[in-house]
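Report on one structure; see the data block that follows.
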Amino acid sequence: MVLPSSTKSDLLLVCVTLLAAVSWMFSKEAVLLMPPLLFMCLRFLLAGLILALVGQRQLRRMNRDQYWRSVQVGMVFGTAMSFWIMGLHYGNHVGEGAFITSLGVVLVPVMARLVFKEQPPLSTWLALPVAVCGLALLSLDGGFQAELGQLFFLASATIFALFFTLNTRAANNATITGAGGRITTRERVPALALTSVVLGTVGLVTGTASLLLEPWSPTFHSGELGLVIAAWVVASATLGTAARFFLQTYAQSLSMHSHGVVIMILEPMWTALLAAFWFGETMNATQLSGCAMIFLALLVNRWGAIRRVLKRWIDQRRAARA
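Residues 298 to 619 in our numbering are what the sequence shown lists, from first letter to last.
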């Protein structure tokens, strides 16, 4: 049986969310053994190199403006990933961190409003108070007391929102009105080339921060432990980063009618389930309630897409019965 392209796209995107969740496990294992920023440097430089080899034709055709915009996106992403890995390093609950980080999706329209004066949809304003309630529940532990890891995750979610906005703009053509009303078109950056430059830039940003803040010598002189560290770095770079982004790009190219915008909210759920299995993590009732509120905020934020998916599914069911 030949599957429709939209179905293939949906199945691949489910795999993408699973790879993203597995990447959390690999990263947590790695930061238990080595400096977190150094790990991010090695992971993203290797992943960027792999994708650069795959997308070298696109890279050769890019102009200076496209490279510069890609580097800018990478610098923002690198900052976000620096906060994220520090949250993973200091955080006590991987699953909880995944739900906090997922708030970046809710904050995208808000960041677009603040930076580019875009008007957020009504669903964003409805989702924000729900998300704040979820965060409050996660921070309640004998009173309001946010952990250091939670603060890092929240900072990363805020910067991720800016990254998503910039990345979308770089990946699409844009019309710019200059002085005197002159209209010019800014050419989009090809997806694979954009991703490889962004990942490489993340490696450079986190590597610079690591060079300034972390000791490297113990990691590179760790003997047999070095093989274990190398294994986590390679697994994170190949499966958790390069394969994940490649599959996501390919899945999105298969169909304009994929349910991807809804499917991607599965990532924090997979991560929490894997963390329970991998690290034996548990959450009390308050933490579970907080995660549920954040997940509800994601659903509210993407209600327009969810409604279209449901309507399409109902129409297909009616057509099949007719």
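The C-beta atom is built at its ideal place from N, Cα and C for all residues, glycine as well.
Item                                                                                                                                                                : Value
Measure the alpha-carbon distance for Leu351 versus Arg618 and round it to whole angstroms.                                                                         : Looking at the sequence provided, one finds Val at residue 351 rather than Leu. Whole-angstrom Cα-Cα distance: 45 Å.
Do Val530 and Leu329 count as a contact pair if the criterion is CB distance below 8 Å?                                                                             : no
Distance, Cα to Cα, Ile560 vs His518?                                                                                                                               : 42 Å
Smallest Cα separation from Arg382: which of Lys325, Ala572 and Leu489?                                                                                             : Note that residue 382 is Ile in the sequence shown, not Arg. Taking only the C-alpha atoms, the option nearest Ile382 is Lys325.
Do Thr538 and Phe341 have their C-beta atoms within less than 8 Å of each other?                                                                                    : yes
Which word fits Glu393, buried or exposed, when buried means at least 16 other C-beta atoms lie within 10 angstroms of its C-beta?                                  : buried
Give a yes or no on whether the C-beta atoms belonging to Ala467 and Phe380 are separated by under 8 Å.                                                             : no
Please list, in chain order, all residues of the same chain as Ile456 whose beta carbon is under 7 Å from its beta carbon, the five residues on each side excluded. : Val373, Thr376, Ala377 and Phe380
I need the DSSP call for Arg599, collapsed to helix, strand or coil.                                                                                                : coil
Quick one: is Leu463 buried, meaning 16 or more other Cβ sit within 10 Å of its Cβ, or exposed?                                                                     : buried
Counting Cβ pairs closer than 8 Å, one from the stretch 500-510 and one from the stretch 396-406, do we hit at least three?                                         : no
Of the choices Thr492, Met337 and Ala395, whose alpha-carbon is the least far from that of Gln363?                                                                  : Thr492
Between which two residues does the alpha helix (DSSP H) holding Ala540 run?                                                                                        : Note, Ala540: premise wrong, no alpha helix (DSSP H); not H, not E.
What are the boundary residues of the alpha helix (DSSP H) that includes Gly577?                                                                                    : Careful: Gly577 lies outside any alpha helix (DSSP H) and carries neither H nor E.
Among Thr304, Met337 and Thr314, which one has its Cα closest to the Cα of Ala506?                                                                                  : Met337
Could you tell me whether the Cβ atoms of Leu536 and Leu335 are closer together than 8 Å?                                                                           : no
Tell me the rounded alpha-carbon separation between Ser367 and Gln447.                                                                                              : 29 Å
Tell me the residue span of the alpha helix (DSSP H) that contains His386.                                                                                          : Arg361 to Tyr387
Here's a check: name, in chain order, each residue in its chain whose Cβ is nearer than 6 Å to the Cβ of Ala424, leaving out the five neighbours to either side.    : Val403, Ala594, Val597 and Asn598
Answer yes or no: do Ser399 and Ile603 have a C-beta to C-beta separation smaller than 8 Å?                                                                         : no
Going straight from the alpha carbon of Gln353 to that of Ala490, what length do you get?                                                                           : 7 Å
So is Ala616 buried or exposed if we call it buried at 16+ other beta carbons inside 10 Å?                                                                          : exposed
For Gln584, which residues of its own chain have a beta-carbon under 8 Å away from its beta-carbon, when the five flanking residues on both sides are left out?     : His390, Glu393, Leu434 and Leu435
Using 8 Å as the threshold, is the C-beta distance between Gly247 and Glu444 below it?                                                                              : With the chain covering 298 to 619 only, the question about residue 247 has no answer from this structure.
Between the C-alpha atoms of Trp575 and Ala327, what's the straight-line distance to the nearest angstrom?                                                          : 14 Å
What number of angstroms, rounded off, separates the C-alpha of Thr421 from the C-alpha of Gly601?                                                                  : 11 Å
Under 8 Å by Cβ, that's how I've got Phe323 and Ala540 pegged, so tell me the actual separation to the nearest angstrom.                                            : In fact, because the Cβ distance is near 12 Å, the residues do not count as touching under 8 Å.
Can you look up Glu415 in the DSSP assignment and give me helix, strand or coil?                                                                                    : coil
Taking just the CA atoms, how far does Arg609 sit from Ser306?                                                                                                      : 16 Å
Alpha carbon to alpha carbon, how far is Ala527 from Pro565? Give it in angstroms, no decimals.                                                                     : 26 Å
Which word fits Pro487, buried or exposed, when buried means at least 16 other C-beta atoms lie within 10 angstroms of its C-beta?                                  : buried
Where does Asp406 fall in DSSP's three states?                                                                                                                      : Checking the displayed sequence, the identity of residue 406 turns out to be Pro instead of Asp. Reduced to three states, the DSSP call for Pro406 is helix.
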